[in-house]
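Chemist: This note's numbering numbers the first residue of the sequence shown as 388 and each following residue consecutively.
All C-beta atoms, glycine included, are put in the ideal place defined by N, C-alpha and C.
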Amino acid sequence: MKKRILHIAQAPGGVERYLHTLLSNIDKERYENILVCSQDYDIDSFKSITDSIVVVPMYRNISLPQEIRTVVKLRRIIKKYSPDIVYLHSSKAGAVGRIADLGIKNYCIYNAHGWAFNMKCGKKKQFIYAAIEKLLAPFCDKIIAISEFEKQSALNHKICSKDKIKVIYNGVTSSCDNSHDSSLAGIVPDDAYVVGFVGRISKQKAPDVFIKSAAIIKKKIKNAFFIIVGDGEDREKLESLISNLGLSGSVLITGWIDNPEIYIKRFDIAMLLSRWEGFGLVLPEYMLAKKPIIATKADAIPELVHNDVNGYLVDIDDYSSAAKYAIMLHNDKQLASRLASAGYDIAMSDFTSERFVKNHEKLFEEIVRL
Numbered sequence: 388m389k390k391r392i393l394h395i396a397q398a399p400g401g402v403e404r405y406l407h408t409l410l411s412n413i414d415k416e417r418y419e420n421i422l423v424c425s426q427d428y429d430i431d432s433f434k435s436i437t438d439s440i441v442v443v444p445m446y447r448n449i450s451l452p453q454e455i456r457t458v459v460k461l462r463r464i465i466k467k468y469s470p471d472i473v474y475l476h477s478s479k480a481g482a483v484g485r486i487a488d489l490g491i492k493n494y495c496i497y498n499a500h501g502w503a504f505n506m507k508c509g510k511k512k513q514f515i516y517a518a519i520e521k522l523l524a525p526f527c528d529k530i531i532a533i534s535e536f537e538k539q540s541a542l543n544h545k546i547c548s549k550d551k552i553k554v555i556y557n558g559v560t561s562s563c564d565n566s567h568d569s570s571l572a573g574i575v576p577d578d579a580y581v582v583g584f585v586g587r588i589s590k591q592k593a594p595d596v597f598i599k600s601a602a603i604i605k606k607k608i609k610n611a612f613f614i615i616v617g618d619g620e621d622r623e624k625l626e627s628l629i630s631n632l633g634l635s636g637s638v639l640i641t642g643w644i645d646n647p648e649i650y651i652k653r654f655d656i657a658m659l660l661s662r663w664e665g666f667g668l669v670l671p672e673y674m675l676a677k678k679p680i681i682a683t684k685a686d687a688i689p690e691l692v693h694n695d696v697n698g699y700l701v702d703i704d705d706y707s708s709a710a711k712y713a714i715m716l717h718n719d720k721q722l723a724s725r726l727a728s729a730g731y732d733i734a735m736s737d738f739t740s741e742r743f744v745k746n747h748e749k750l751f752e753e754i755v756r757l
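1) What residue from V581, D595, Y580 has the CA that sits closest to R587's CA?
2) Can you check DSSP and say which residues form a bridge with M658?
3) Measure the beta-carbon distance from G558 to V423 and round it to whole angstroms, keeping in mind my assumption that it falls under 8 Å.
4) Just to check my reading of the structure: L716 and P679 have Cβ atoms closer than 8 Å, yes? What is that Cβ distance to the nearest angstrom?
5) Please go through the stretch 486-536 and give each complete alpha helix (DSSP H) segment of 4 or more residues, from N-terminal end onward.
6) List the residues that DSSP assigns as beta-bridge partners of A611.
7) Between the stretch 541-556 and the stretch 517-533, can you find at least three pairs of beta-carbon atoms closer than 8 Å?
8) Answer with buried or exposed for F433, where buried requires no fewer than 16 other C-beta atoms within 10 angstroms of its C-beta.
9) By how many angstroms is the C-alpha of E520 removed from the C-alpha of K511?
10) Rounded to the nearest angstrom, what separates Q426 and P399 at their Cα positions?
11) To the nearest angstrom, how far is it from the Cα of D471 to the Cα of I464?
12) Check the DSSP bridge columns for S439 and list the partner residues they point to.
13) By DSSP's criteria, G484 is part of a beta bridge. Which residues make up the other side?
14) For L393 versus V459, is the C-beta distance shorter than 8 Å?
15) Can you tell me the Cα-Cα spacing of L670 and E416, whole angstroms?
16) Would you mind working out which of L726, Y706, M674 sits nearest N694, comparing C-alpha positions?
17) In three-state terms, what does DSSP make of Y474?
18) My guess is that S411 and I395 are in contact by the Cβ rule of under 8 Å, so how many angstroms apart are they, rounded?
Set out below in structure tokens:
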């Protein structure tokens, strides 16, 4: 008999891609999957990989009346579908979902997809976020951490016991075709040396640092072109910075797109200059596309990017070092190729969708036998 899993998710972006990979590859003969998601999700992309989809309005901003309504709706949905497992994705869904699931007979798994208390948001907020996680931790059976850093961070904050938390690295689907996509002709100059970044235009992902490094790179590499694949709340501020630095004709911001891989293929160098990062799902995507990486030493990133092996690590906000490494890789194609090949091997060993899904299925089987 199939086990029924009810996934509850609020945050789009990386969590949405995580879910898409899991639900696309999970064994449909053994698991029935119901997705309860926010209005921000691309519902059509999930229709063929789920058994049912329910949209429940959920928002990043906290409003007590709204959260109460959400809890009531989620509780009705959980009772209606009577799942074997409730799987909660991200902090907001984890909070309202665990409250909604109180007293209902099932197994509950929670994945924060990056602890909120690790954000650079001030000591008071960090304390509150950690206190909430500690308060709610007893109301789930297992917590998934997306990296060893995230696991250790939870243990350091005494969120839960060591045996309650399990690391499952994110996984991405391999593509053998790393050739340039002709659809970018006329969008990206044919002779451009492309430095790219995929992620939300927000404080966390530090797109401002990317652009400041771009200004230095452009002075040394005249045909340099910069691509930001993503969108976000800081876009207007970033566009102003681009203009002030005289880069308006050398930067492309794509907005949110369904196929970031066509742009990643066009990158010569891939960057992720995050200020905090629980994993960095785009990093194995860069590796599978055989791109040398320049990233920060933030949180879990050094678990994926190793200095002078598959890329280079810089301090947070150190745009001059990021630019220095980009220029060095431009001038040494053999080095860039070596880093790219090593990254591909690491991704194929540790960060495939097959391994990611298999580890989930193993956990699901273990938990229903508790």
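Modeler: From the atom records:
1) Position 200 of the sequence shown holds residue 587. Of the candidates V581, D595, Y580, D595 places its Cα closest to the Cα of R587.
2) Reading the sequence shown from its first residue, position 271 is the one you call residue 658. Looking at the DSSP assignment, M658 forms a beta bridge with F584, I681.
3) Residue mapping note: residue 558 aligns to position 171 of the sequence shown, counting from 1. Residue mapping note: residue 423 aligns to position 36 of the sequence shown, counting from 1. Their Cβ separation, rounded to whole angstroms, is 23 Å, which puts G558 and V423 out of contact at 8 Å.
4) Numbered from its first residue, the sequence shown carries residue 716 at position 329. Numbered from its first residue, the sequence shown carries residue 679 at position 292. The beta carbons of L716 and P679 sit about 6 Å from each other, so the pair counts as a contact at 8 Å.
5) 510-523
6) Taking the first residue of the sequence shown as 1, we reach residue 611 at position 224. DSSP output for A611 lists Y580 as bridge partner(s).
7) As far as the Cβ criterion goes, the stretch 517-533 touches the stretch 541-556, which means the pair count is three or higher.
8) In the sequence shown, residue 433 corresponds to position 46, counting from 1. So F433 ends up on the buried side.
9) As a first step, residue 511 must be located in the sequence shown, where it is residue number 124. As a first step, residue 520 must be located in the sequence shown, where it is residue number 133. Answer to the nearest angstrom: the Cα atoms are 14 Å apart.
10) If you number the sequence shown from 1, residue 426 lands on position 39. If you number the sequence shown from 1, residue 399 lands on position 12. Roughly 9 Å between the two C-alpha positions.
11) For the purposes of this step, residue 471 is taken as residue 84 along the sequence shown, with counting starting at 1. For the purposes of this step, residue 464 is taken as residue 77 along the sequence shown, with counting starting at 1. In a straight line, the C-alpha of D471 is about 13 Å away from that of I464.
12) One-based indexing of the sequence shown puts residue 439 at position 52. Paired residue(s): I421.
13) Taking the sequence shown and counting its residues from 1, the one referred to as residue 484 is at position 97. DSSP output for G484 lists no bridge partner at all.
14) By one-based count along the sequence shown, residue 393 stands at place 6. By one-based count along the sequence shown, residue 459 stands at place 72. In this structure, V459 does not lie closer than 8 Å to L393 by Cβ.
15) Position 283 of the sequence shown, counting from 1, holds the residue named residue 670. Position 29 of the sequence shown, counting from 1, holds the residue named residue 416. When rounded, the separation of the alpha-carbon atoms in L670 and E416 is 31 Å.
16) In the sequence shown, the residue the question calls residue 694 occupies position 307. If we check each option's Cα against that of N694, L726 comes out closest.
17) For the purposes of this step, residue 474 is taken as residue 87 along the sequence shown, with counting starting at 1. Correct three-state label for Y474: strand.
18) Numbered from its first residue, the sequence shown carries residue 411 at position 24. Numbered from its first residue, the sequence shown carries residue 395 at position 8. Rounded, the Cβ-Cβ distance is 19 Å, inconsistent with contact.
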